[in-house]
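Enquirer:
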Amino acid sequence: MATRDPLEFVQEELGKLREAGLYRALRVLEGEQGPRARIDGRTVINLSSNNYLGLTTHPRLRRAAVRAVEQYGVGSGAVRTIIGTMTLHQELEERLAAFKKTEACIVFQSGCAANQGVIQSLLTPQDLVFSDELNHASIIDGCRLSRAEIKVYPHRDTAALRRLLEETRERQARKLIVSDGVFSMDGDIAPLPELVALGEEFGAIVMVDDAHASGVLGANGRGSVDHFGLHGRVHIQVGTLSKAIGALGGYVAGSRALRDFLIHRARPFLFSTSHPPSVAATCLAALDVLEQEPELIQRLWDNTRYFKQGLSDLGFNTGQSQTPITPVIVGEGALAMKLSDRLFQEGVFAQGIAYPTVARDKARVRTIVTAAHTRDDLDQALEAFRKVGRELGLVGR
Ligand SMILES: *Cc1c(COP(=O)(O)O)cnc(C)c1O
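Going by our numbering, the letters in the sequence shown line up with residues 587 to 983, in that order.
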């Protein structure tokens, strides 16, 4: 008997995306992840990578990876809790703890896995989590996996957070306040001093996800806790090794007890194989570079200021950004995709981002400058924005 294809809805959903102008084919990078990159057969200025310091191609990192492959092979062969903990993994955790000025650190396969693992491990269905409305999807997933009650507070609104904490003051529950350190779609910074003060007042755990802050904010890129001088007052610092660090992975920096607990409870740590040794070696070399080449971070911030000013002088709406992530907010999803497509034709790659990644009326093209961009790259990109922005009526003539 002929039956309907049970996956027919997939085609229907794709059709809807096409009609709405939101269907995307994956762009393909045909070479290195660099400030100018070959994408889909064209060499363009790349304003869409998280390679903040240009470390994906740094000679010291390449050498460290190659050497580790030669010395240890290409894979770890097991999960961490069986026999997948190599000396390099241990060394990386010790170095990261020292970098973050915490007692200990535990590395996960990705920042995404770190968020899911830590929140799920710490909270039960009886507990409460207070989460910024613009927190990263992996934080939201971690909250959902824990089945704790989720109280979402308006973006960076600490008065609203205080009200939620007051309403639940009497609840006998573990309480967790969690926020991105730098918000990935808007580039603004969390009000961490206020979050810490509220955590201390209401007895809540404070967790910050510094995926976009590590390597960017604070001395030598130590992150938002260092930026605000809050060492010792944030219980959980999540970071990624996939962005400024240039390789792949995530970590949780905090107390030794927290690390030991996560080793026994965090499901991605327990049930998924550890990094290849080359990745751990790459990350160790990246930490050397952060400590020994602070000029990279200086260049990142010089470029950030220059490009942000340029976009705002042209009259674009760049939101509240305070970091190298600068959104160009246009409103409609299809318009953001159109802007991105036209920029690409003019030699600039800046990803269009629409609902559900951002609110329906806040679709945007997101730009990220890196230390590796030259002034010439940035001037050329601004010229493309000027031309296409006028053409689409986004800025005046
Ligand atoms: C990118 C990102 C992650 C995920 O990190 P990966 O290492 O790529 O999995 C987590 N949190 C935030 C805020 C991010 O921007």
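Yeah, the Cβ is synthetic: ideal placement off N, Cα and C, and Gly gets one too.
Tell me whether Lys973 is buried or exposed, calling it buried when 16 or more other Cβ atoms sit within 10 Å of its Cβ.
Expert: As a working note, residue 973 is residue 387 in the sequence shown. Flag for Lys973 reads exposed.
Enquirer: Using the rule of at least 16 other Cβ atoms within 10 Å of the residue's Cβ for burial, across every protein chain shown, is Glu679 buried or exposed?
Expert: Taking the first residue of the sequence shown as 1, we reach residue 679 at position 93. Label assigned to Glu679: buried.
Enquirer: Any idea if Asp874 is buried or exposed, counting beta-carbon neighbours within 10 angstroms, 16 or more meaning buried?
Expert: In the sequence shown, counting from the first residue as 1, residue 874 sits at position 288. So Asp874 ends up on the exposed side.
Enquirer: For Val820, which residues in the same chain have their Cβ closer than 8 Å to its Cβ, ignoring the five residues on either side in sequence?
Expert: Here residue 820 is taken as the residue at index 234 of the sequence shown, counted from 1. For Val820, where only same-chain residues beyond five positions count, the Cβ hits under 8 Å are Leu778, Val782, Val792, Met793, Val794, Val811.
Enquirer: Hey, is Gly809 close to ligand 1, as in C-beta under 6 Å from one of its heavy atoms?
Expert: Numbered from 1 along the sequence shown, position 223 holds the residue referred to as residue 809. No.
Enquirer: Given this structure, state the Cα-to-Cα distance separating Gly919 from Leu876, to the nearest angstrom.
Expert: Sequence index remark: in the sequence shown, residue 919 carries index 333 (1-based). Sequence index remark: in the sequence shown, residue 876 carries index 290 (1-based). Rounded to the nearest angstrom, the gap between the Cα atoms of Gly919 and Leu876 is 37 Å.
Enquirer: How about Ala830: is its Cβ closer than 6 Å to a heavy atom in ligand 1?
Expert: Working through the sequence shown from its first residue, we reach residue 830 at position 244. Every heavy atom of ligand 1 is 6 Å or more from the Cβ of Ala830, so no.
Enquirer: For Gly840, which beta-bridge partners are listed by DSSP?
Expert: For the purposes of this step, residue 840 is taken as the residue at position 254 of the sequence shown. Per DSSP, Ala690.
Enquirer: Select from Arg845, His817, Asp772, Leu633 the residue whose C-alpha is nearest the C-alpha of Ala970.
Expert: As a working note, residue 970 is residue 384 in the sequence shown. The shortest Cα separation from Ala970 among Arg845, His817, Asp772, Leu633 belongs to Leu633.
Enquirer: Rounded to whole angstroms, what is the Cα-Cα separation between Gln878 and Arg748?
Expert: Looking up residue 878 in the sequence shown gives position 292. Looking up residue 748 in the sequence shown gives position 162. Spanning the two alpha carbons is a distance of roughly 41 Å.
Enquirer: What's the C-alpha gap between Leu870 and Glu677?
Expert: As a working note, residue 870 is residue 284 in the sequence shown. As a working note, residue 677 is residue 91 in the sequence shown. Taking the straight line from one Cα to the other gives about 8 Å.
Enquirer: Below 8 Å, how does it come out for the stretch 682 to 691 and the stretch 709 to 725: are there three or more Cβ pairs, yes or no?
Expert: no
Enquirer: Expressed to the nearest angstrom, what Euclidean distance is found between the alpha-carbon atoms of Gly703 and Pro645?
Expert: Mapped onto the sequence shown, residue 703 falls at position 117. Mapped onto the sequence shown, residue 645 falls at position 59. Going by the C-alpha atoms only, they are around 33 Å apart.
Enquirer: How big is the Cα-Cα spacing for Pro910 and Asn701?
Expert: Reading the sequence shown from its first residue, position 324 is the one you call residue 910. Reading the sequence shown from its first residue, position 115 is the one you call residue 701. Rounded to whole angstroms, Pro910 to Asn701 spans 23 Å at the Cα level.
Enquirer: Just reading off the alpha helix (DSSP H) that Ser732 is part of, what are its end residues?
Expert: Counted from its first residue, the sequence shown places residue 732 at position 146. Per DSSP, Ser732 belongs to the alpha helix (DSSP H) from 723 to 732.
Enquirer: Which residue wins for smallest C-alpha separation from His850, given the options Leu639, His817, Val665, Gly896?
Expert: For this step, residue 850 is matched to residue 264 along the sequence shown. That would be Val665, whose Cα lies nearest to the Cα of His850.
Enquirer: With C-beta atoms as the reference, is Gly773 less than 7 Å away from Thr912?
Expert: As a working note, residue 773 is residue 187 in the sequence shown. As a working note, residue 912 is residue 326 in the sequence shown. Result yes, Cβ atoms of Gly773 and Thr912 sit closer than 7 Å.
Enquirer: Between the Cα of Asp796 and those of Gly785, Ser770, Glu786, spot the shortest distance and give me the residue it belongs to.
Expert: By one-based count along the sequence shown, residue 796 stands at place 210. Restricting attention to Gly785, Ser770, Glu786, the CA atom closest to the CA of Asp796 is found in Ser770.
Enquirer: Mind checking whether the beta-carbon of Ala776 lies closer than 6 Å to any heavy atom of ligand 1?
Expert: Taking the sequence shown and counting its residues from 1, the one referred to as residue 776 is at position 190. Relative to ligand 1, even the nearest heavy atom lies 6 Å or more away from the CB of Ala776.
Enquirer: Tell me whether the stretch 849 to 868 and the stretch 619 to 626 touch, counting them as touching only if at least three CB pairs, one residue from each stretch, are closer than 8 Å.
Expert: no
Enquirer: Using only CA atoms, which one of Val693, Thr754, Ala872 lies nearest to Leu714?
Expert: Along the sequence shown, one-based indexing puts residue 714 at 128. Selected option, being the one with the closest Cα: Thr754.
Enquirer: Applying the criterion that 16 or more other CB atoms from any shown protein chain within 10 Å of the CB defines a buried residue, is Thr544 buried or exposed?
Expert: Residue 544 lies beyond the residue range present for the chain, which begins at 587 and ends at 983; the question has no answer from this structure.
Enquirer: Give me every residue whose Cβ sits closer than 6 Å to any heavy atom of ligand 1, in chain order.
Expert: Ser696, Gly697, Cys698, Asn701, His722, Ser724, Asp766, Ser770, Asp795, Ala797, His798, Thr826, Ser828, Gly836
Enquirer: What are the start and end residues of each continuous beta strand (DSSP E) run of 3 or more residues lying completely inside the stretch 933 to 962, in chain order?
Expert: 949 to 954
Enquirer: For Arg952, does the count of other Cβ atoms within 10 angstroms reach 16, so buried, or fall short, so exposed?
Expert: Stepping through the sequence shown from its first residue, residue 952 is reached at position 366. Its Cβ being crowded by 16 or more others within 10 Å, Arg952 is buried.
Enquirer: Could you check whether the stretch 953 to 967 touches the stretch 887 to 906, counting it as contact only if at least three pairs of C-beta atoms, one from each stretch, sit closer than 8 Å?
Expert: Touching, yes.
Enquirer: I need the DSSP call for Lys761, collapsed to helix, strand or coil.
Expert: Taking the first residue of the sequence shown as position 1, residue 761 is located at position 175. If DSSP states are grouped into helix, strand and coil, Lys761 belongs with the strands.
Enquirer: For Asp785 and Ile763, which I take to be in contact (beta-carbon distance under 8 Å), what is that distance rounded to the nearest angstrom?
Expert: If you number the sequence shown from 1, residue 785 lands on position 199. If you number the sequence shown from 1, residue 763 lands on position 177. In the sequence under discussion, the amino acid at residue 785 is Gly, which differs from the Asp named in the question. Correct: roughly 5 Å between the Cβ atoms.
Enquirer: Would you call the CB atoms of His675 and Ala866 closer than 7 Å?
Expert: Along the sequence shown, one-based indexing puts residue 675 at 89. Along the sequence shown, one-based indexing puts residue 866 at 280. Result yes, Cβ atoms of His675 and Ala866 sit closer than 7 Å.
Enquirer: Spatial neighbours of Gly661 within its chain, please: C-beta separation below 6 Å, excluding the five flanking residues on both sides.
Expert: Counting from 1 along the sequence shown, the entry for residue 661 is found at position 75. Cβ neighbours of Gly661 beyond the five flanking positions: Pro862.
Enquirer: Can you check DSSP and say which residues form a bridge with Gly825?
Expert: Locating residue 825 in the sequence shown gives position 239, counting from the first residue. DSSP lists Tyr837 as partners of Gly825.
Enquirer: Please specify which runs of the beta strand (DSSP E), each continuous and at least 3 residues long, are wholly inside the stretch 841 to 895, giving them in chain order.
Expert: none
Enquirer: First and last residue of the beta strand (DSSP E) that includes Asn632?
Expert: On the sequence shown, residue 632 is found 46 positions in, with the first residue counted as 1. Taken as a continuous stretch (DSSP letters only), the beta strand (DSSP E) holding Asn632 covers 628 to 632.
Enquirer: Which same chain residues, not among the five before or five after Lys761, have their C-beta less than 6 Å away from its C-beta?
Expert: Working through the sequence shown from its first residue, we reach residue 761 at position 175. Correct list, in chain order: Leu714, Ala790.
Enquirer: Alpha carbon to alpha carbon, how far is Leu720 from His741? Give it in angstroms, no decimals.
Expert: The sequence position of residue 741 within the sequence shown is 155, counting from 1. The sequence position of residue 720 within the sequence shown is 134, counting from 1. One C-alpha to the other measures close to 6 Å.
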